[in-house]
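Protein chains in written order, with the numbering used here: chain G, 795 to 1098; chain L, 3 to 578.
By construction, the Cβ of each residue, glycine as well, lies at the ideal position given by its N, Cα and C atoms.
These figures come from a predicted structure and were not determined experimentally.
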């Protein structure tokens, strides 16, 4: 009873609509499941010894000729689909998170420089950003992963696939951070506390990192949630196109690609379940991100 | 005549409440009553948070949700205002009640011409056709004294000066011949010369058209100059009300006395400002004594010699065009200014907005590079031609206090961290613990409790923040502090405290102050010598006594004559 009376207080304090709360819980549960994949998955899909071609293409447990051992059925190599999805989600989220982290670090740093110094520094950084923004995300990512594959020896590509994907996605996403942080930095730089720091004689690096950075971080956090969803999608697209994670270590996108080949033979589950998981994850994260954006944007904030 | 027709505005026992999120109720205005008759200007004065704007908004039906009129009545032209609808039967905002707001930059829509802003209300309320509305708009612009009204009709707000914009706002308030105008701080954002014109215009409107004006203001000088009656408010309560001359001459309520006493006078110099409740006296003196002994040890006590000299300073801004290669405009903000400041004195730099005084402050404190000329500190060039290489220790000697206490402290850092920064940066303390002790001393020296160090800036009021800002400047152990409009965003009683504090600190530690202000009365009270600036040039420099008693330059004389002061009322008092 005590927890029941306490929880509405918490909910009203966060002030989010029910849909956002549900989305937040769903996103958290999915991320938690993905992170704990090795603990909760019934099988280890990366362990070749754990699956058998005899079990290949078994339908989900709840359909007529399903096997109770495999809840969501198996893929073309006899892997348990649920386990493959849990591991796949872990890979997708790790790559998405990594890409967001790399993009945010680069973008925030360049945005601070551009906004603080202005002039030529600003012009160079922002023109590079404009050029990058004129390429579609996927095209740029394909380009980067293509180059990486050409440069690296064949054996190393699989091993380095996550890093290549992170770079391929981050090269496009940093621009948004840089633009946002630049604008916020220009506003902060004009404020008197920054001028006070300059009068004291503090070095620019210190003013930027210690004084301005904490004041421009809230939009960065908001963009990061929305970009996480976008990065997961980009990763899935690349893997679906065959330039992402290899089938031996599949992400959700890889699973969809594998499943895609069998859809027309009536084996629908290999593509459907990973696709559903991906959609639910992306929609949930986006809902939370949109709400955060509205909340942190004073122009959209409704007076209560 | 007022007995025959109902008063333009009658407020009786008004109470305005704001229900808060935690269920309690904040009372913004309590037991407020006032009456405005035809042709009368009634001033509502008080410091920020006194509830004066709330009354103005209640009259106009513009109370922000969830604020509500809890009890009491408002009659506009004899008709009662419905507290639920926020308007009186048959009384329409814009037609019967005109509104003039503080900032003419934002109260006009930048996307519409003057004509469309003026005719919009007339066509809506008076059902005039286009031609009639235009003719009337033209007449209104003439009435409020805008030159070349025909041409101005087609102008956009950004093409007008601040004073002209405020005239347009007034014209729009008058467009439907209201009997009542609510003017909320109508001249606060304007320079003194423009302010004088707008005040004269308001007085003329009351006298010639018989409009009743509710004038919300914090400026006692404005009240003295144009108001017939005045109501002084404090924390939502009316503390005193009556004819202007009587209230300003013989205030009865203690708060009214203190408030009027705290207004800086331009006619005579006082040793200290009378303040409403002073705090932390003993400890502050102790802390200042330590500061002084430290200053003496470093041999930096005032010797009266020149400490700062500005020679033929010139600063140009170039505005670049939108396209690369397009030629920009050059604007000379400071044009050949020379002056020198002696150690231990308070040197004032006055002028209207845009005269270049803040630009000079920025050059002196190293925020801006001059185009030509130079600034020297004790013989070392710190800006401009022949600047010395290592400016670090010289920077330390010159610190700055800013205008806006709400943006001059980083809201994400604790006070202790903010104040320790200059101390640690210049290695003025050997350890963090010693720096913390220094910080505590600084905080006490500015009259606050030492435990302020643990808190964040939002826990402090504007005046307290300004004290902390001063403490930060003291942290670097400067010899010269540049004060850029240090009190212009503060209430008058807080202003008095901050100015007293600056005086005390100067007396205690032998600091030199370069005070930049648009407020002649403040300069009069604070400064030993004063320089007057206009359009980037220095027009007159003299000792404060000489400048205020026998100004030489016509511009100085004009400025002095335009300042609204309590003298007019005081003059009457002597005559009576």
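Item checked: Three-state secondary structure assigned by DSSP to residue 1079 of chain G -> helix
Margin query: Does the CB of residue 949 of chain G have a neighbour CB from chain L at under 9 Å?
Written below: no
Check: Hey, residue 418 of chain L and residue 441 of chain L: beta-carbon distance below 9 Å or not?
Finding: yes
Notebook entry, point to check: Taking C-alpha atoms, which residue in L/194, L/433 and L/54 lies nearest to residue 561 of chain L?
Noted result: L/194
Margin query: For a cutoff of 9 Å on Cβ pairs, would you count residue 1089 of chain G as touching chain L?
Written below: no
Notebook entry, point to check: Per DSSP, which one or two residues make a beta bridge with residue 336 of chain L?
Noted result: L/317
Margin query: Does the stretch 890-901 of chain G come into contact with the stretch 962-969 of chain G, if we say contact requires no fewer than three beta-carbon pairs (one atom in each stretch) closer than 8 Å?
Written below: yes
Check: Taking 9 Å as the CB-CB limit, is residue 107 of chain L close to chain G?
Finding: no
Next item on the list: Quick one: list the residues of chain L neighbouring residue 971 of chain G, beta-carbon separation under 9 Å, in chain order.
Entry: Correct list: empty, because the minimum Cβ distance to chain L is about 19 Å.
Item checked: Unbroken alpha helix (DSSP H) run spanning residue 465 of chain L, endpoints -> 464-477
Margin query: With a threshold of 9 Å between beta-carbons, can residue 335 of chain L be considered close to chain G, or not?
Written below: no
Check: When you compare only the Cα positions, how much space is there between residue 282 of chain L and residue 451 of chain L?
Finding: Bear in mind that the predicted position of residue 282 of chain L carries a pLDDT of just 48, short of 50, making it too unreliable to give a figure here.
Next item on the list: Could you list the residues in the stretch 1005-1030 of chain G with a C-beta less than 8 Å from some C-beta on chain L, going in chain order?
Entry: 1005, 1008 and 1009
Notebook entry, point to check: Which of the residues in the stretch 988-1006 of chain G, read from start to end, lie with their CB under 7 Å from any CB of chain L?
Noted result: 989, 990, 992, 993, 994, 995, 996 and 1005
Note to self: Cβ closer than 9 Å: which chain G residues qualify as neighbours of residue 474 of chain L?
What the structure shows: 990 and 994
Notebook entry, point to check: Does the Cβ of residue 222 of chain L have 16 or more other Cβ atoms within 10 Å, making it buried, or fewer, making it exposed?
Noted result: buried
Item checked: Cutoff 8 Å; reference residue 241 of chain L; Cβ partners in own chain excluding five residues on either side -> 234, 235, 255, 257 and 258
Next item on the list: Note down, in chain order, each residue of its chain lying with its Cβ closer than 8 Å to the Cβ of residue 62 of chain L, except the 5 sequence neighbours on either side.
Entry: 95, 99, 101 and 184
Checklist line | residue 207 of chain L: first and last residue of the uninterrupted alpha helix (DSSP H) it sits in | finding: 194-211
Next item on the list: Look up residue 107 of chain L in the DSSP assignment and say whether it is helix, strand or coil.
Entry: coil
Next item on the list: Residues of the stretch 953-986 of chain G with a CB closer than 8 Å to any CB of chain L: list them in chain order, please.
Entry: 985 and 986
Check: Taking one C-beta from the stretch 366-374 of chain L and one from the stretch 548-564 of chain L each time, how about it: are there three or more such pairs within less than 8 Å?
Finding: no
Item checked: Delimiting residues of the beta strand (DSSP E) encompassing residue 240 of chain L -> 239-245
Checklist line | Members of the stretch 364-376 of chain L that neighbour chain G once the beta carbon cut-off is set at 7 Å | finding: 367, 368 and 369
Check: Tell me which same chain residues have a C-beta within less than 6 Å of the C-beta of residue 956 of chain G, skipping the five on either side of it?
Finding: 889
Margin query: My output table needs one value for residue 158 of chain L: the three-state DSSP class, helix, strand or coil.
Written below: coil
Next item on the list: Say whether chain L places a C-beta atom closer than 9 Å to the C-beta of residue 813 of chain G.
Entry: no
Checklist line | Nearest neighbour of residue 1 of chain L, chosen from L/212, L/265 and L/238 [CA to CA] | finding: Residue 1 of chain L lies beyond the stretch modelled for chain L, which goes from 3 to 578, so this question has no answer here.
Next item on the list: Pick out whichever of L/511, L/136, L/339 and L/177 has its Cα sitting closest to the Cα of residue 314 of chain L.
Entry: L/339
Item checked: Anticipated Cβ contact below 8 Å, residue 876 of chain G with residue 836 of chain G, distance rounded -> 7 Å
Check: Can a CB atom of chain G be found closer than 9 Å to the CB of residue 384 of chain L?
Finding: no
Next item on the list: Determine the direct distance from the alpha carbon of residue 1080 of chain G to that of residue 483 of chain L, and round the result to whole angstroms.
Entry: 51 Å
Check: Of all Cβ atoms in chain G, is any one closer than 9 Å to the Cβ of residue 430 of chain L?
Finding: no
Note to self: Give me the subset of the stretch 412-437 of chain L whose CB atoms are less than 7 Å from a CB atom of chain G, sorted by chain position.
What the structure shows: 412, 414, 423, 424 and 427
Notebook entry, point to check: How big is the Cα-Cα spacing for residue 1019 of chain G and residue 823 of chain G?
Noted result: 16 Å
Check: Could you check where the beta strand (DSSP E) with residue 402 of chain L kicks off and where it finishes?
Finding: 400-403
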